[in-house]
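S.K.: Protein sequence lines, in the order shown, are assigned to chains E and U.
Residues 1 to 257, numbered by my numbering, are exactly what the first sequence covers, in order.
Residues 1 to 257, numbered by my numbering, are exactly what the second sequence covers, in order.
Would you mind keeping the following structure in view while I ask a few things?
2 protein chains.
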Amino acid sequence: MKENSQERLLRLLSLFADEEKGEWSVDEASVHLGISASQTYRYFRTLASAGYISAYTTGRYVLGPAIIELDRKLRIGDPMIHAARSIMREMLSTAPSASIAILCRYFRGQVMCVHEEFETYQHHEISYERGQPRPLYQGAASKVILANLPLRQARAYFNHAPDKFNQFGLGANWTEVKRSLRELRSQPAIITAGELGTSASGISAPIYDDKRVLGSVSLVLPITVATEEVTSFLMPVVAAAGQEMTRKMQHLAQLQQ
Amino acid sequence: MKENSQERLLRLLSLFADEEKGEWSVDEASVHLGISASQTYRYFRTLASAGYISAYTTGRYVLGPAIIELDRKLRIGDPMIHAARSIMREMLSTAPSASIAILCRYFRGQVMCVHEEFETYQHHEISYERGQPRPLYQGAASKVILANLPLRQARAYFNHAPDKFNQFGLGANWTEVKRSLRELRSQPAIITAGELGTSASGISAPIYDDKRVLGSVSLVLPITVATEEVTSFLMPVVAAAGQEMTRKMQHLAQLQQ
DNA sequence: GCAAAATTATCACAATACGAAAAAAATTGT
DNA sequence: ACAATTTTTTTCGTATTGTGATAATTTTGC
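Right under this line is the structure:
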């Protein structure tokens, strides 16, 4: 827990991401971070003059335009998203209309959607939303990552929320969980229904780097069209997309560019 | 140009936004920033372990998932975007189909789109793209901000790129520019055609905070439908949207919430 | 397996980040 | 318009730590 001044600055910035709170005053942040008011003012000034936060009215700060600028650069330049785009589009073309394809990443012990592809835009209520961290035990895109994590890590997550693991059908104790993770891993792609909200069904396959799992590609379909027939057709499609992504990621690493 | 260590850290992060380059090695960043290699390693480690950058292969760093997380929070929580959403949608409903509504902000001496509303998604080629800074002299959404800036600032920008100002019809010298800015300011909304690419036309109105201009709301239409008749109908619509936004921003400031 | 590159650790010192308190500036109430 | 708050910046002395150079270690490419 030794922290230097740069880490403190970033921790202040992450206040705007972590908490449900979208705006912070200097005083609030000061007590929350355990930093003196004068120093917190210095941090706020630094972040504000770089555009990462912005005072939309006196004393109240929110995230600033520099975030948008960075996000655009990421959208355009991220190698994983770039590699995924065509694969996801092709996968989507074989799926029923109103389906969407999502690319997720393992991040900070959670799962975060980093890219979406869809034919026609429609607000999907409760699902993987770009940029929203989701737990590892809920939904296909998460579970497939969990199942491919080293057992040590999986166990640590299980110990942290055993009730949740049970609630989402992964087992009531570690022995059961271990068995169901092995079972999930043995399938080419994994399918869930109604685990985030009740209206969607997910089909997901893992993406590997070299040794460890990086994330997952998934199809999310309206639960009404996710019949046994449809999902059994799509399972190998999604599995192939995952394998193709894995291949591309390894190829990328070799290009060293 | 006195810079502390936090500012240096943010400057390193902004390398990933400023330059055309989307990926950096430690050495490249080290020479570019004029910081020793060992210290640059420390900065990279700090940013990486907070998720702002990520090594997608050994030695090559790109922006990390934390950016996406912050961007989502901004999209959801930003007071200006929140205030704009309904106004933009209503404005859009009176416009020809295939039009889009954009919300721009004055940022770092440039103009950046921070939010878009559209009926049906279609990739608009060259226009205001969310997160891409644009110069003040090009396009309606920019010009309306420029025209409402304090003259001192406008003059400074003119001196910085007089040829560009002339190219986009603002005048060949400061006297002419000053006159055309006044002329632009006198209109309820300003209209341009084909200034970004050749296929779009823009109608924009300014948004004020209390005294200074914050940004602009605009309609972007396919140039083919932007007839005199259509634009003269839409001009007061956009102007009203700008005024409504101004009202909401001032109301927001008074709520102090 | 070995050479090369990437990353981390060590160290000594100057630079600066820090909190407390005071000063200045901006904002609000009346 | 003026006073009362609140917000923000400055000052200052000191202990902390950020820093570059170099070495040690780990990882990677072949």
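For glycine and all other residues, C-beta sits at the position ideal for the given N, C-alpha and C.
By the DSSP assignment, the beta strand (DSSP E) with GLU20(U) in it spans what residues?
M.R.: Along the second sequence, one-based indexing puts residue 20(U) at 20. Where GLU20(U) is concerned, there is no enclosing beta strand (DSSP E), given that its DSSP letter is neither H nor E.
S.K.: SER99(U) versus chain E: which residues are under 7 angstroms apart at the beta carbon?
M.R.: Looking up residue 99(U) in the second sequence gives position 99. Result: empty, since nearest Cβ-Cβ is about 16 angstroms, beyond 7 angstroms.
S.K.: What in chain U is Cβ-close to PRO5(E), meaning under 8 angstroms?
M.R.: Here the question's residue 5(E) lines up with position 5 in the first sequence. The sequence shown places Ser at residue 5(E), rather than the Pro named in the question. What SER5(E) touches in chain U: SER5 and GLN6.
S.K.: Measure the alpha-carbon distance for SER14(U) versus ILE87(U) and round it to whole angstroms.
M.R.: Position 14 of the second sequence, counted from the first residue, corresponds to residue 14(U). Position 87 of the second sequence, counted from the first residue, corresponds to residue 87(U). Cα-Cα distance, rounded: 32 angstroms.
S.K.: In chain U, what lies closer than 9 angstroms to PHE16(E) by C-beta?
M.R.: The sequence position of residue 16(E) within the first sequence is 16, counting from 1. Result: LEU70, LYS73, LEU74 and GLY77.
S.K.: Strictly below 7 angstroms CB to CB, what residues from chain U border ARG108(E)?
M.R.: Counting from one through the first sequence, the residue named residue 108(E) turns up at place 108. Going along chain U in sequence order, the residues near ARG108(E) (Cβ under 7 angstroms) are GLY51.
S.K.: Between PRO133(U) and GLU69(E), how many whole angstroms is the CB-CB distance? I'm expecting something under 8 angstroms.
M.R.: Looking up residue 133(U) in the second sequence gives position 133. Looking up residue 69(E) in the first sequence gives position 69. Contact flag correct, Cβ pair sits at about 7 angstroms.
S.K.: Less than 8 angstroms between CB atoms is the rule here; does TYR208(E) satisfy it with respect to chain U?
M.R.: Working through the first sequence from its first residue, we reach residue 208(E) at position 208. Taking Cβ atoms only, chain U never reaches closer than 8 angstroms to TYR208(E), which makes this a no.
S.K.: Is it true that the region 156-176 of chain E meets the region 215-224 of chain E, where meeting means three or more beta-carbon pairs spaced less than 8 angstroms apart?
M.R.: The region 156-176 of chain E vs the region 215-224 of chain E: no contact.
S.K.: In this structure, does DSSP put PRO236(E) in helix, strand or coil?
M.R.: Here residue 236(E) refers to the residue found at position 236 of the first sequence. Helix.
S.K.: In the region 145-179 of chain U, which residue ranges form an unbroken alpha helix (DSSP H) of at least 4 residues, counting only runs that do not cross its ends?
M.R.: Entirely contained in the region 145-179 of chain U, the alpha helix (DSSP H) runs reaching 4 residues are, in chain order, 151-160 and 162-167.
S.K.: Among all the DSSP beta bridges, which residues are the ones paired with PHE107(E)?
M.R.: Counted from its first residue, the first sequence places residue 107(E) at position 107. According to DSSP, PHE107(E) bridges with GLN110(E).
S.K.: Going straight from the alpha carbon of THR246(U) to that of ALA98(E), what length do you get?
M.R.: Translated into positions along the second sequence, residue 246(U) becomes position 246. Translated into positions along the first sequence, residue 98(E) becomes position 98. For THR246(U) and ALA98(E), the distance between alpha carbons rounds to 38 angstroms.
S.K.: Quick one: residues in its chain with C-beta nearer than 6 angstroms to the C-beta of LEU214(U), no 5 flanking neighbours on either side, listed in chain order?
M.R.: Reading the second sequence from its first residue, position 214 is the one you call residue 214(U). If we look at LEU214(U) and ignore the five residues flanking it on each side, its Cβ neighbours are ILE207.
S.K.: Below 8 angstroms between beta carbons: does that hold for VAL177(E) and ALA141(E)?
M.R.: For the purposes of this step, residue 177(E) is taken as residue 177 along the first sequence, with counting starting at 1. For the purposes of this step, residue 141(E) is taken as residue 141 along the first sequence, with counting starting at 1. Their beta carbons are not under 8 angstroms apart, which means VAL177(E) does not touch ALA141(E) by this criterion.
S.K.: In this structure, what does DSSP give as the bridge partners for ILE191(U)?
M.R.: Within the second sequence, numbered from 1, the residue matching residue 191(U) stands at position 191. For ILE191(U), which the question treats as bridged, DSSP gives the partners ILE203(U).
S.K.: Going straight from the alpha carbon of GLN257(U) to that of GLU19(E), what length do you get?
M.R.: The residue you call residue 257(U) lines up with position 257 of the second sequence. The residue you call residue 19(E) lines up with position 19 of the first sequence. Because the pLDDT at GLN257(U) is just 33, under 50, the model does not fix this residue reliably, and the point stays unresolved.
S.K.: Starting from the Cα of LEU181(U), find the closest Cα among TYR137(U), SER216(U), VAL217(U) and THR94(U) and give me that residue.
M.R.: Here the question's residue 181(U) lines up with position 181 in the second sequence. Here the closest residue by C-alpha is TYR137(U).
S.K.: Going straight from the alpha carbon of PHE165(E) to that of VAL230(U), what length do you get?
M.R.: Within the first sequence, numbered from 1, the residue matching residue 165(E) stands at position 165. Within the second sequence, numbered from 1, the residue matching residue 230(U) stands at position 230. Near 58 angstroms, if we compare the C-alpha coordinates of VAL230(U) and PHE165(E).
S.K.: Here's the rule: buried if 16 or more other CB atoms are within 10 angstroms of the residue's CB, otherwise exposed. What is ASP27(U)?
M.R.: Against the second sequence, residue 27(U) aligns to sequence position 27. It counts as exposed.
S.K.: Please say whether ALA189(E) and SER204(E) have beta carbons closer to each other than 8 angstroms?
M.R.: For this step, residue 204(E) is matched to residue 204 along the first sequence. For this step, residue 189(E) is matched to residue 189 along the first sequence. Yes.
S.K.: Could you name the residues that DSSP lists as bridge partners for THR57(E)?
M.R.: Within the first sequence, residue 57(E) is the residue found at index 57, counting from 1. In DSSP, THR57(E) forms a bridge with ARG60(E).
S.K.: Within 10 angstroms of its Cβ, does ASP71(U) collect 16 or more other Cβ (buried), or is it exposed?
M.R.: If you number the second sequence from 1, residue 71(U) lands on position 71. So ASP71(U) counts as buried.
S.K.: Confirm, please, whether the CB-CB distance from GLY51(E) to GLY64(E) is below 8 angstroms.
M.R.: Working through the first sequence from its first residue, we reach residue 64(E) at position 64. Working through the first sequence from its first residue, we reach residue 51(E) at position 51. Going by C-beta atoms, GLY64(E) is nearer than 8 angstroms to GLY51(E).
S.K.: Listed in chain order, which residues of the region 23-46 of chain E have Cβ atoms closer than 8 angstroms to some Cβ of chain U?
M.R.: Correct list: GLU23, TYR43 and THR46.
S.K.: Using beta-carbon positions only, say whether GLY139(E) and GLY242(E) come within less than 8 angstroms of one another.
M.R.: As a first step, residue 139(E) must be located in the first sequence, where it is residue number 139. As a first step, residue 242(E) must be located in the first sequence, where it is residue number 242. No. Outside cutoff.
S.K.: Starting from GLY131(U), find everything on chain E with Cβ-Cβ shorter than 7 angstroms and list it in chain order.
M.R.: Your numbering for residue 131(U) matches position 131 in the second sequence. Residues of chain E passing the Cβ test: ILE68, GLU69, ASP71 and ARG72.
S.K.: Cβ of SER127(U) within 8 angstroms of Cβ of ALA200(U)?
M.R.: Stepping through the second sequence from its first residue, residue 127(U) is reached at position 127. Stepping through the second sequence from its first residue, residue 200(U) is reached at position 200. Against a cut-off of 8 angstroms, the Cβ pair of ALA200(U) and SER127(U) comes out as a contact.
S.K.: Nearest-angstrom Cα distance between PRO236(U) and LEU149(U)?
M.R.: Against the second sequence, residue 236(U) aligns to sequence position 236. Against the second sequence, residue 149(U) aligns to sequence position 149. About 21 angstroms.
S.K.: For ARG75(U), which option in VAL62(E), MET249(E), PHE107(E) and VAL238(E) has the closest C-alpha, if you only look at C-alpha atoms?
M.R.: Residue mapping note: residue 75(U) aligns to position 75 of the second sequence, counting from 1. Per the Cα distances, VAL62(E).
S.K.: Considering GLY215(E), what are the terminal residues of the beta strand (DSSP E) in which it resides?
M.R.: Along the first sequence, one-based indexing puts residue 215(E) at 215. Segment 213-222, the beta strand (DSSP E) holding GLY215(E).
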